[in-house]
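Following: one structure in C-alpha cells, then a few remarks.
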Ligand code: PGA
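Numbering (my numbering), first residue to last: 1 to 262.
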C-alpha cells in the first residue's frame, strides 16, 4: 500500500445513498413513498439522499420532495435529444420532469435491454452535455467472479464506458459497483469483496488524475439492507449505496440512510 492509496483514503467524500424503485409504484404510491422518505427528519451522516422513480412518477415525486434536500434521479434515458425514437425519453425530458441525476448502465439495462458499453458511453456523454449527474453502474456476473475476472471486467466496463472523457467532464459523476449476482438475490458482497472492488475502481481512475480518483464517489449496490449497510459503509472506499428492494419501504430506507458509522 503506497502513499497514493493513503492520500485517496484521506479525502472526505459526502455519502450518496440512492433508492432505485425500478418498475414499481403508481404515481399515487410514488407520492406516498417520496413523502415518507423526505419527511424522515434524521440524516445523521449528512448523506446526499436520492430516489429514482419510474419516468411516469418523476414529476410528481419532484413536486413531493420540493423544499427538502432529497434528490431525484431517472433510471435511464436515451442519448439522443429528440426525434423518431418511439418509447425513448431524452435527457431534456427527464430534466424537465425534475431529475438532476440519472442511473446509467444498470445491469438490468445491460442484460435485458441490450445496453452495451458503447451505448452507455453515448448516454454518459449526453448526461455530461446536459449537466445531469450520472450514476454509472458497473459489475461482474457470478461466472465472471468465479473465473477470477472481476477486476478485469470492471476495468473494461470503465475503459469502454468512459472513452473520450476527461477528469473534468466526469467530475460530478458517481460510480455504482453492483455485482450482478448480488442484485435482488439477497446475496450481498461481503464488505471485504466490496472494498476490494471499490479500491480497484479507484486505482483505475487515478489514470485520469489522482485528485479525481480521490474525490469521486463509488457507491455499492446489491441487496443492501438495514442489517448489512453498517458494515458495507464502514469500508474506506465505499461512499454510499444504491438500494433497490429496501428503498421501496420508507422505514427501511431511512434506516439505511442513517447507517451506523462504525
Ligand atoms: P437490490 O437492487 O437492492 O434490490 O439488490 C439494487 C440495484 O439494482 O440497484
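Cβ atoms here follow ideal geometry from the backbone N, Cα and C, with glycine treated the same way.
Return yes when the C-beta of residue 222 is under 7 Å from any heavy atom of ligand 1, and no when it is not.
Yes, Cβ of residue 222 sits closer than 7 Å to a heavy atom of ligand 1.
Using only CA atoms, which one of 44, 30 and 166 lies nearest to residue 258?
Comparing Cα positions, the closest option is 44.
Helix, strand or coil for residue 158? Go by DSSP, reduced to three states.
Three-state result, residue 158: helix.
Taking 7 Å as the cut-off, is the beta-carbon of residue 246 closer than that to any non-hydrogen atom of ligand 1?
Yes, the Cβ of residue 246 comes within 7 Å of a heavy atom of ligand 1.
Does the distance from the C-beta atom of residue 239 to that of residue 85 stay below 8 Å?
Contact annotation: residue 239 and residue 85 have beta-carbon atoms that are not nearer than 8 Å.
For residue 155, which option in 177, 146, 32 and 181 has the closest C-alpha, if you only look at C-alpha atoms?
The candidate whose alpha carbon is nearest that of residue 155 is 177.
Indicate whether the contact test is met: 3 or more Cβ pairs, each with one atom in the region 160–168 and one in the region 180–191, closer than 8 Å.
The region 160–168 is not in contact with the region 180–191.
Would you kindly report the start and end of the unbroken beta strand (DSSP E) that includes residue 133?
Annotation for residue 133: the continuous beta strand (DSSP E) segment containing it runs 133–138.
With a 10 Å radius around its C-beta and 16 neighbouring C-beta atoms as the bar for buried, classify residue 153 as buried or exposed.
Classification for residue 153: buried.
Does residue 5 come out as helix, strand or coil in the three-state DSSP assignment?
Bear in mind that the predicted position of residue 5 carries a pLDDT of just 46, short of 50, making it too unreliable to give a figure here.
In this structure, how does DSSP classify residue 24 when only helix, strand and coil are distinguished?
Secondary structure at residue 24: coil, using DSSP grouped into helix, strand and coil.
For my contact list, residue 55 and residue 126 are in at a C-beta cut-off of 8 Å; report their separation, rounded to the angstrom.
Not quite, the Cβ-Cβ distance comes to about 16 Å (not below 8 Å), so this is no contact.
Assigned secondary structure, residue 217 (DSSP; H/G/I helix, E/B strand, else coil):
Residue 217 carries a strand assignment under DSSP once its states are collapsed to helix, strand and coil.
To the nearest angstrom, report how far apart residue 82 and residue 197 are at their CA atoms.
Answer to the nearest angstrom: the Cα atoms are 37 Å apart.
In chain order, what residues of the same chain lie with their CB nearer than 6 Å to the CB of residue 97, ignoring the 5 residues before and after it?
Within the same chain, residue 97 has close Cβ partners 58 and 59.
Would you kindly report the start and end of the unbroken alpha helix (DSSP H) that includes residue 65?
Its alpha helix (DSSP H) spans residues 58–65.
DSSP beta-bridge partners of residue 19:
Per the DSSP secondary-structure output, residue 19 pairs in a beta bridge with 51 and 243.
Pair within 8 Å by beta-carbon distance, residue 132 and residue 120:
Cβ atoms of residue 132 and residue 120: not closer than 8 Å.
Would you list the residues sitting across from residue 72 in a DSSP beta bridge?
DSSP lists 51 as the beta-bridge partner residues of residue 72.
In this structure, what does DSSP give as the bridge partners for residue 189?
Bridge partners of residue 189: none, in fact.
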